[in-house]
Amino acid sequence: MPHVRAATDHDIPRPRPLVATPVTDDRELVAACQRGERRAMEALYHQYRRRVFGLCHRIVGPVEAEEVAQDVFVRVFRGLGNFRGDSQLGTWVYRLAVNAALTHAGKQKRRAEVGDDDLEHVAAPPAVLRDPRLSDRVEAAMRRLPAGYRAILVLHDVEGLSHEECAAILDCRVGTSKSQLHKARARMRELLGPALAAERAASAASPSASAPGQGPEEAA
Amino acid sequence: MSCAAVQRELTAYLDGELDTASASALRGHLRLCPDCRAAAEDHAAIRDRLAELERPEPPPALWDGVLARLGEAEIADARRPRWARLLERLRPHLVPAGLAATACAVAVLVIQLRAEDDAAPAGPVVGERATAGAPGAGGADPDGAALDVARGAALGGGNSGGADPGRGDRAVPFTTLDATAELAAEAARLEERWRVTTAELLPLARGELRGTARRRFDREVAALQAQVLRTPAGRDRDRAWHALVMFLERAALGEVQVAVHP
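First to last, the sequence lines map onto chains A and B. FYI, the numbering for the first sequence is 1 to 220, going by this note's numbering. FYI, the numbering for the second sequence is 1001 to 1262, going by this note's numbering.
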């Protein structure tokens, strides 16, 4: 084949569905993507882009998130032929994303340990209720966790998946998912100690401002 | 309820996974124990703050990057030789076949070694009887019927096992019997593998041919198949099978111009 400049994706004709019906379920979407239909590929991308990018962002960090997310979607589209439909499409996409992100995080770890001054960038909060910067500190603390803990926190606490779904994605038992989550939150508490104490003190000072249904005190 | 138990159950409690009674007991403990209460508040704060984290918006260039990389991968596909893509399609069938062949080879080797160790004088007999047993073992059921046929042949045709009055039941060492049977069964398995391989390759090789090319291809295949059937079992038949499979393989890879060289 002669060495010519490759045509851009817009120049490549794509198969079109025989009947132009909107794709309504995952199985149809997968089948259309397997045939290389552009509209279906875009639909699948838009369905998962924020979830995949968010997960990569939180596991590998903001700098390399785009590269890893790109890698995930390439694997998704190239691997759809092997997707047998015995799990949910979402679970399968998440699994590819977690695996890619954890593999990348492993390489990052070998390259350099995360600096200890990460948390120091974020000043200790003044004693105000629901310190807006606590969220920044939570994110910073997350970056200091082992990648496996980050994965379970993102899946369960950020994405709001059940332990059954987390276990399917991480390819572990439900009990393992639960114990990992417990350990991850405990480690977060160690890392966030002073900030959390400040928040506790603030909410003790003005208990009426505490939002109902948020914590263990809801039944008090 | 102890502090240790509370710490253990805290995550399950905060995620609403405890039954009513356990949750009530845990809340009771929290009312009385400031340390555990602090831990529970912290865990709840972490849970809530994580749930409030917003999903970052992916950069607009992400999709373009994905398309560009998919394009590169497709170009790489186009540059890969046709046989590599064919191999990829066949891989699910090839791996089990390869494993089965290896297992057979190992089994035969082990049995031969055992036969040599346990009954050294019987060694040459193994080889002779295997050859004698092979034609009788051409059946479709390599593990059951073929084994019995081979065993019968090894014992001297239609006689039942151990019927030789001079020697009794153990006249022929078991190890020798096993090796003979196994070798005969292996011949049957090999025959079956040739058959399966041919069946897999045939549609791949024939699929894209049309008209005269297809008729010539069919004629050639028929001739090679007839050659297989004409040839008595053994090395010569293996050669005939090999010729057929090689022809199909080359045709499947597009290396044979059937229309030009029928």
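Built from N, CA and C at the ideal position, the CB exists for glycine as well. Here the structure is a predicted model, which means the values were calculated and not measured.
Asked	Found
Could you check what DSSP says for D25(A) in three-state terms: helix, strand or coil?	coil
Closest to T1198(B) by CA distance: which of A1213(B), V1228(B), I1075(B) is it?	V1228(B)
Answer yes or no: does any C-beta atom of chain B fall closer than 8 Å to that of E66(A)?	yes
From R1020(B) to G1028(B), what distance separates their C-alpha atoms?	This sequence places Thr at residue 1020(B); Arg is not what is there. Going from the Cα of T1020(B) to the Cα of G1028(B) covers about 12 Å.
Classify Q88(A) as helix, strand or coil using the three-state DSSP reduction.	coil
Have a look at V72(A) and R1049(B) and give me their C-alpha separation to the nearest angstrom.	27 Å
Rounded to the nearest angstrom, what separates A167(A) and L1183(B) at their Cα positions?	48 Å
Indicate the three-state DSSP secondary structure (helix, strand or coil) for C166(A) in the structure shown.	helix
Distance check for A1105(B) and L1099(B), CA to CA, integer angstroms please.	10 Å
From the DSSP output, in three-state form, read off R1237(B) for me.	helix
Kindly indicate if chain B contains any beta-carbon less than 8 Å away from that of A69(A).	yes
Would you identify the three-state DSSP class for L1248(B), choosing helix, strand or coil?	helix
Within the continuous alpha helix (DSSP H) that includes A65(A), where are the two ends?	62–79
Taking Y149(A) as the query, report the chain B residues whose CB atoms sit under 7 Å from its CB, ordered along the chain.	Neighbours of Y149(A) on chain B: none; closest Cβ ~12 Å, over 7 Å.
If we cut at 8 Å on Cβ distances, does R200(A) have a partner in chain B?	yes
Would you give the residue range spanned by the alpha helix (DSSP H) that H156(A) belongs to?	From DSSP, H156(A) is part of no alpha helix (DSSP H); its letter is neither H nor E.
Just by C-beta distance, which residues in the region 1041–1057 of chain B are closer than 8 Å to chain A?	E1041, D1042, H1043, A1044, A1045, I1046, R1047, D1048, R1049, L1050, A1051, E1052, L1053, R1055, P1056, E1057
Report the residues of the region 1064–1076 of chain B with a CB closer than 9 Å to any CB of chain A, ordered along the chain.	D1064, G1065, V1066, L1067, A1068, R1069, L1070, G1071, E1072, A1073, E1074, I1075
Roughly how many angstroms lie between the CA atoms of V1006(B) and P1056(B), to the nearest whole one?	35 Å
So, for L1224(B): in the same chain, excluding its five sequence neighbours on each side, which residues have a beta-carbon less than 8 Å away from its beta-carbon?	A1240, A1243, L1244, F1247
When you compare the CB positions of L55(A) and V154(A), do they come within less than 8 Å of one another, or not?	yes
Is the beta carbon of A147(A) sitting closer than 8 Å to the one on A97(A)?	no
Mapping the DSSP letters down to three states, classify T8(A) as helix, strand or coil.	coil
Would you call the CB atoms of R75(A) and L1062(B) closer than 8 Å?	no
Which whole-angstrom value describes the C-beta separation of L1087(B) and A1252(B), a residue pair presumed to lie in contact below a C-beta threshold of 8 Å?	Between A1252(B) and L1087(B) the Cβ distance is about 11 Å, and since that is not below 8 Å, they are no contact.
Could you check what DSSP says for S203(A) in three-state terms: helix, strand or coil?	helix
If we cut at 8 Å on Cβ distances, does V106(A) have a partner in chain B?	As written in the sequence, residue 106(A) is Gly, which differs from the Val given in the question. For G106(A), the answer is no, since every Cβ of chain B falls outside 8 Å of its Cβ.
Can you find the residues in the same chain that come closer than 6 Å, C-beta to C-beta, to L89(A), ignoring five residues on each side of it along the sequence?	D26
Would you report the Cα separation of T1102(B) and P1203(B), rounded to the nearest angstrom?	26 Å
Below 7 Å on C-beta distance, what does G90(A) contact in chain B?	Near G90(A) there are no residues of chain B at all, since even the closest Cβ is about 14 Å away, more than 7 Å.
Quick one: grab the DSSP three-state call for L1026(B).	helix
Grab the span of the alpha helix (DSSP H) containing P1059(B) for me, first residue to last.	Per DSSP, P1059(B) belongs to no alpha helix (DSSP H) and is neither H nor E.
Relative to the C-alpha of E1192(B), which candidate in A1097(B), Y1013(B), L1018(B) has its C-alpha closest?	A1097(B)
Look at the alpha carbon of G1123(B) and the alpha carbon of I1111(B), and state the distance between them as a whole number of angstroms.	For G1123(B), the pLDDT reaches just 43, beneath the cut-off of 50, and the residue's location in the model is therefore unreliable, although a value from the coordinates is still provided. Straight-line Cα distance between these residues: approximately 11 Å.
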